[in-house]
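Here the protein sequences come in this chain order: Y and R.
To get this note's numbering, take the position in the first sequence, counting from 1, and add 78.
To get this note's numbering, take the position in the second sequence, counting from 1, and add 78.
What follows is a short report on a single structure.
There are 2 protein chains.
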Amino acid sequence: MGNDAITPREKDFSQWYLDVIKVAELADHSPVRGCMVIRPNGYAIWEKIQAGLDRRIKETGHQNAYFPLFIPESFLKKEAQHVEGFSPELAVVTIGGGKTLEEPLVVRPTSETIIYSMFSKWVNSYRDLPLLINQWANVVRWEMRTRLFLRTTEFLWQEGHTCHTTEAEAEEEVLRILDLYADFVENEMAVPVLRGLKSDNERFAGALRTWSIEAMMQDGKALQAGTSHNLGQNFSVPFNVRYQDQQSQMQYAWMTSWGVSTRLVGALIMAHSDDAGLICPPRLAPLGAVIVPIWSSDEDKAAVLPMAQTIADALRPFTGVKVDDREQMRPGSKYAEWEQRGIPIRIEVGPKDVAKAQCVMVRRDTRKKEFVPIDGIANAVRAEHEQMQRDLFQRALDFRTTHTREIDTWDEFVAWCGAAQGFGLAHWCGDSGCEAKVKEETKVTIRNRPIEYVQGTKKAEPGRCIKCNGASAYPVYWGIAY
Amino acid sequence: MGNDAITPREKDFSQWYLDVIKVAELADHSPVRGCMVIRPNGYAIWEKIQAGLDRRIKETGHQNAYFPLFIPESFLKKEAQHVEGFSPELAVVTIGGGKTLEEPLVVRPTSETIIYSMFSKWVNSYRDLPLLINQWANVVRWEMRTRLFLRTTEFLWQEGHTCHTTEAEAEEEVLRILDLYADFVENEMAVPVLRGLKSDNERFAGALRTWSIEAMMQDGKALQAGTSHNLGQNFSVPFNVRYQDQQSQMQYAWMTSWGVSTRLVGALIMAHSDDAGLICPPRLAPLGAVIVPIWSSDEDKAAVLPMAQTIADALRPFTGVKVDDREQMRPGSKYAEWEQRGIPIRIEVGPKDVAKAQCVMVRRDTRKKEFVPIDGIANAVRAEHEQMQRDLFQRALDFRTTHTREIDTWDEFVAWCGAAQGFGLAHWCGDSGCEAKVKEETKVTIRNRPIEYVQGTKKAEPGRCIKCNGASAYPVYWGIAY
Chain Y
79 MGNDAITPRE KDFSQWYLDV IKVAELADHS PVRGCMVIRP NGYAIWEKIQ AGLDRRIKET
139 GHQNAYFPLF IPESFLKKEA QHVEGFSPEL AVVTIGGGKT LEEPLVVRPT SETIIYSMFS
199 KWVNSYRDLP LLINQWANVV RWEMRTRLFL RTTEFLWQEG HTCHTTEAEA EEEVLRILDL
259 YADFVENEMA VPVLRGLKSD NERFAGALRT WSIEAMMQDG KALQAGTSHN LGQNFSVPFN
319 VRYQDQQSQM QYAWMTSWGV STRLVGALIM AHSDDAGLIC PPRLAPLGAV IVPIWSSDED
379 KAAVLPMAQT IADALRPFTG VKVDDREQMR PGSKYAEWEQ RGIPIRIEVG PKDVAKAQCV
439 MVRRDTRKKE FVPIDGIANA VRAEHEQMQR DLFQRALDFR TTHTREIDTW DEFVAWCGAA
499 QGFGLAHWCG DSGCEAKVKE ETKVTIRNRP IEYVQGTKKA EPGRCIKCNG ASAYPVYWGI
559 AY
Chain R
79 MGNDAITPRE KDFSQWYLDV IKVAELADHS PVRGCMVIRP NGYAIWEKIQ AGLDRRIKET
139 GHQNAYFPLF IPESFLKKEA QHVEGFSPEL AVVTIGGGKT LEEPLVVRPT SETIIYSMFS
199 KWVNSYRDLP LLINQWANVV RWEMRTRLFL RTTEFLWQEG HTCHTTEAEA EEEVLRILDL
259 YADFVENEMA VPVLRGLKSD NERFAGALRT WSIEAMMQDG KALQAGTSHN LGQNFSVPFN
319 VRYQDQQSQM QYAWMTSWGV STRLVGALIM AHSDDAGLIC PPRLAPLGAV IVPIWSSDED
379 KAAVLPMAQT IADALRPFTG VKVDDREQMR PGSKYAEWEQ RGIPIRIEVG PKDVAKAQCV
439 MVRRDTRKKE FVPIDGIANA VRAEHEQMQR DLFQRALDFR TTHTREIDTW DEFVAWCGAA
499 QGFGLAHWCG DSGCEAKVKE ETKVTIRNRP IEYVQGTKKA EPGRCIKCNG ASAYPVYWGI
559 AY
């Protein structure tokens with residue numbers, strides 16, 4: 079499993095992560111502070127993520143649109159919590175066309191304010207609602223400590239923005255999207271997630287309520303993979319997003335916003351990969367299979383190359399495929415390179431295989447090797463893809479299960495923090511001060527309140543707050559977050 | 079053909095253009111100076127454009143990647159012509175995270191400099207070439223006079239950037255892309271284009287040579303629809319993009335860049351639409367057909383609605399389709415609305431049609447009405463789409479032909495300028511000063527030198543420059559440009 083170019087996970091997880099990104103050529107640091115370059119191999123995964131999400135977003139009735147990159151500074155100030163949350167992170171354009179601007183323009187850190195200034199023009203009657211809009215865009219937040227994919231000054235994302243006639247309908251939308259995100263991340267990325275409600279401390283700046291999906295990485299840390307916000311009327315009032323209801327009364331709209339970003343690529347890397355490089359789930363792999371023909375003479379080459387092409391043609395209808403026919407490179411070096419890049423299936427064809435009308439199929443994650451008859455190769459690869467997709471999910475789920483602990487007392491909590499592995503399920507009184515103290519002393523924060531408890535589909539399990547011993551209706555998830 | 083909400087083309091072409099955008103809900107002005115909002119109907123067309131181009135760009139071996147929005151100011155200054163060309167148009171970030179930046183960051187007006195700073199890391203050996211990269215991104219140019227889609231401070235585009243070992247290979251790439259653009263614009267957008275070489279005055283800032291495709295709008299003006307630049311070694315030298323050749327010598331790479339933008343949406347509007355609203359070519363129409371069921375009683379409704387759904391199901395496999403079953407809206411109002419939005423085919427189904435197992439099919443551009451049996455509706459719509467696609471192209475081509483004139487003398491040229499209709503094919507000595515004088519006196523510029531003459535596939539036709547009477551090898555295209 080070793081690979082000289084990659085630091086083992088056990089030794090240094092952070093360095094391992096950067097090494098995998100480097101050898102798989104997923105991204106690169108840029109000369110611009112905190113900004114990354116997404117290289118073709120990484121961008122191809124992002125395109126697969128976009129396609130899977132975009133389909134789901136459209137199927138649920140949303141339409142894509144595009145709004146300006148720049149936001150007048152005054153817009154951000156219209157919602158008090160919003161500006162407080164984002165002010166420290168802003169990049170500001172003060173010069174345009176050689177002149178100092180009268181009003182500085184903020185490079186969007188998120189687009190609520192600029193989008194809702196347009197919604198106020200577009201929404202007039204209850205007939206205009208619900209308004210269901212999504213945007214694919216770049217955003218900028220001036221982060222102090224950056225990390226490829228996970229936290230960069232500029233990142234790519236989608237942000238949904240919707241208007242509704244009632245609070246209940248807005249909450250339905252928020253939960254529909256939470257389920258949409260969970261469905262995508264679990265079924266396409268093969269990463270299990272916990273759905274739940276964020277605490278007030280971790281809520282989006284300007285929201286009534288923020289729901290999240292939380293994933294566990296192989297180092298036991300939590301990664302918030304997506305958020306869905308019920309904004310209530312916090313933005314419709316200052317931005318005057320109003321509609322005339324069926325009784326001809328003017329009403330403020332109920333709004334939501336929600337987003338996922340290129341940090342999902344980071345989640346994918348940290349959830350599945352190993353010390354040999356990237357492991358990409360088949361459904362998100364731009365290349366589902368690579369075929370390495372093996373020859374040591376021109377005669378062999380003339381036999382194996384057409385066979386490699388035949389196999390490629392058989393696979394192409396359902397997956398990306400490449401024949402690696404590079405000269406002057408040993409097959410072993412090719413294997414290592416494709417392993418680093420996380421291609422799910424490798425197929426080897428040598429002269430002996432051609433004679434037997436077979437090939438060797440090797441799975442990236444398990445390294446299971448199998449001889450497969452050429453005429454059954456398409457079905458074999460398809461079946462192995464499906465099995466690998468299921469196995470990756472199950473492995474990640476098992477990992478999360480074995481790294482999640484119920485914790486009853488503060489002493490136990492502190493001991494667990496020392497180990498800092500995984501999620502703790504522990505009681506909390508609901509007080510922001512208690513949560514802040516825990517964070518200060520241990521770096522651990524509340525990831526979310528399990529949706530089953532919040533919605534009452536699971537019976538409350540009263541207990542005592544691990545920090546203050548106050549009453550608690552149910553335990554919540556704790557962890558150290560990326 | 080009249081429509082109260084739309085100014086007729088004859089009366090005021092500019093206002094007509096804005097009116098079509100408004101009634102078709104393609105875009106909207108934003109509160110940010112010169113920036114537009116692309117509304118869902120407009121963005122859906124852009125997504126179709128992206129899909130058609132992206133497929134062609136990938137089929138020719140290019141890979142997508144993503145580079146930072148911000149460019150250190152010093153990078154832009156490394157190529158003298160480049161900085162001179164773009165300096166007046168820059169938006170500059172001077173504050174980040176609450177602090178004044180040591181080096182201001184320019185919001186990319188185009189990405190040559192930031193991308194080539196990365197290429198200098200990635201390119202080491204001749205084995206790394208050709209390097210064929212494309213980026214989909216937003217860019218910002220501080221324009222003084224803006225116009226929805228055609229010229230906005232921020233716009234969306236793709237920009238290709240490639241490195242090659244020889245000048246000839248770079249020129250091949252530049253021409254391959256020019257053909258790719260022409261193929262897309264002619265076959266998907268149904269807009270005929272003239273391929274050719276830009277004059278020095280109109281060349282990209284920093285390029286050796288710029289090729290363009292030029293389209294004619296219904297007011298006779300020219301719209302530059304795409305450009306492809308041979309950058310020579312103008313950027314590889316200052317950005318140190320070097321490779322070791324097969325003889326172990328270090329060589330500077332030969333580079334190209336090329337792009338098309340959201341202005342293509344403007345071209346589509348102005349090439350085809352009429353006084354009733356947008357006309358969208360079927361291949362780029364997000365909705366290829368709309369079905370309007372007609373009823374005046376609950377009984378009728380129970381008969382026509384299922385039939386409308388049956389038709390929709392038959393069309394869905396090959397085109398976007400919508401059943402307009404809105405209550406309390408007369409069919410006539412629905413027809414007008416879908417005409418404004420440019421949906422290629424409208425299908426009307428009333429109770430009598432249901433009884434006869436037929437429907438009425440109406441084509442947007444010709445308004446040709448036809449009764450079609452329900453069981454043949456899919457083939458009928460598909461055939462009509464194909465015919466409409468061909469007809470739109472032919473109509474635009476005929477328009478261009480009748481609005482293109484050969485002009486031999488300066489007097490003739492000046493008289494033609496007064497009419498300001500279409501392209502003039504007239505001789506030019508090749509001198510930038512001559513071109514500048516013509517522009518100053520008439521607003522007319524050289525659109526391009528026809529590729530057939532430049533490449534010598536068409537025999538030279540010597541003549542005399544209309545301005546200075548100097549020698550000229552072949553005539554060039556002149557026009558007033560958007």
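Even glycine gets a Cβ: it sits at the ideal position worked out from N, Cα and C.
Model, not experiment: these values are computed from the prediction.
(message) Taking the alpha-carbon of V522/Y as reference, which of I529/Y, Q533/Y, N212/Y, Q499/Y has the nearest alpha-carbon?
(response) Q499/Y
(message) Do I452/R and M439/R have their beta-carbon atoms positioned less than 8 Å apart in this structure?
(response) no
(request) Ignore the nearest five residues each way along the sequence and tell me which others in Q467/Y's own chain have a CB closer than 7 Å to its CB. (result) A268, P359, P360, R361
(request) Determine contact between the region 507-521 of chain R and the region 230-248 of chain R, defined as no fewer than three beta-carbon pairs at a distance below 8 Å. (result) no
(message) Quick check: the Cα distance between Q93/Y and T85/Y, rounded to an integer number of angstroms?
(response) 6 Å
(request) In the DSSP assignment, find the unbroken beta strand (DSSP E) run with Y330/Y in it and report its ends. (result) 328-330
(request) Report yes if the CB atom of I123/R is closer than 8 Å to the CB atom of P364/R, and no otherwise. (result) yes
(message) So that I know if they touch, is there some Cβ in chain R lying closer than 8 Å to that of Q141/Y?
(response) yes
(message) Here's a check: name, in chain order, each residue in its chain whose Cβ is nearer than 6 Å to the Cβ of W416/Y, leaving out the five neighbours to either side.
(response) V368, R424
(message) One question on the structure: do G355/Y and A102/Y come within less than 8 Å of each other, judged by their Cβ atoms?
(response) yes
(request) Measure the alpha-carbon distance for C507/R versus E539/R and round it to whole angstroms. (result) 13 Å
(request) Could you please give me the residues that DSSP links to R561/Y through a beta bridge? (result) For residue 561/Y there is no data in the structure shown, the boundaries of chain Y being 79 and 560.
(request) Show which residues of chain R have a CB atom less than 8 Å away from the CB atom of N216/Y. (result) L147, A215, N216
(request) Taking a Cβ distance cut-off of 9 Å, strictly less, list which residues of the region 116-127 of chain Y are near chain R, in chain order. (result) I116, R117, P118, N119, G120, Y121, A122, W124, E125
(message) For chain R, check one thing: does any of its Cβ atoms lie closer than 8 Å to the Cβ of E564/Y?
(response) Any answer about residue 564/Y is impossible in this case: the structure gives chain Y only from 79 up to 560.
(message) For the region 86-109 of chain R, list every residue whose C-beta sits within 8 Å of some C-beta in chain Y, in sequence order.
(response) D106, S108, P109
(request) Have a look at I192/R and D431/Y and give me their C-alpha separation to the nearest angstrom. (result) 48 Å
(request) Output the boundary residues of the beta strand (DSSP E) element that contains G274/Y. (result) 272-275
(message) By the three-class DSSP mapping on this structure, what secondary structure does V432/Y have?
(response) helix
(message) Rounded to the nearest angstrom, what separates W488/R and K545/R at their Cα positions?
(response) 6 Å
(message) So, with DSSP's three-state summary, where would you put L168/R?
(response) coil
(request) Return the first residue and the last residue of the alpha helix (DSSP H) that V613/Y is part of. (result) Because residue 613/Y is not part of the residues shown, which for chain Y are 79 to 560, the question remains open.
(request) Give the C-beta separation of R186/R and L147/R to the nearest angstrom, bearing in mind that I take them to be a contact with Cβ-Cβ under 8 Å. (result) 6 Å
(message) Can you pull the chain Y neighbours of P150/R, defined as C-beta to C-beta under 8 Å?
(response) P109, V110
(message) Could you check whether L131/R and F262/R sit closer than 8 Å to each other, using their CB atoms as the reference points?
(response) yes
(request) Tell me, to the nearest whole angstrom, how far the beta carbon of G557/R is from that of A300/R; I am working on the premise that it is less than 8 Å. (result) 4 Å
(request) Select from the region 170-190 of chain Y all residues with a C-beta closer than 8 Å to any C-beta belonging to chain R, and list them in chain order. (result) V170, V171, T172, I173, G174, G175, G176, P182, L183, V185
(message) Using the Cβ count rule (16 or more neighbours within 10 Å means buried), how would you classify R205/R?
(response) exposed
(message) Taking contact to mean 3 or more Cβ pairs, one atom from each stretch, closer than 8 Å, check whether the region 334-346 of chain Y and the region 214-234 of chain Y are in contact.
(response) yes
(message) Let me check understanding here. Comparing Cα to Cα, which of T178/R, E292/R, E162/R lies closest to I257/R?
(response) The sequence given here places Asp at residue 257/R; Ile does not occur at that position. Considering only alpha carbons, the answer is E292/R.
(message) List, in chain order, every chain Y residue whose beta-carbon is nearer than 9 Å to that of S195/R.
(response) S108, P109
(request) Could you give the DSSP three-state label for D261/R: helix, strand or coil? (result) helix
(request) Leaving out five residues on either side along the sequence, give the residues of the same chain with a beta carbon under 7 Å from the beta carbon of W105/R. (result) Here the sequence assigns Ala to residue 105/R, which means Trp is not the residue at that position. Around A105/R: I99, M114, V115, I116, R117, G120, L226, F227.
(request) List the residues of chain R whose Cβ lies closer than 8 Å to the Cβ of E232/Y, in chain order. (result) P146, L147, F148
(message) Can you pull the chain R neighbours of W220/Y, defined as C-beta to C-beta under 7 Å?
(response) G174, G175
(request) Using a cut-off of 7 Å between C-beta atoms, extract the partners of C113/Y located in chain R. (result) P146, F148
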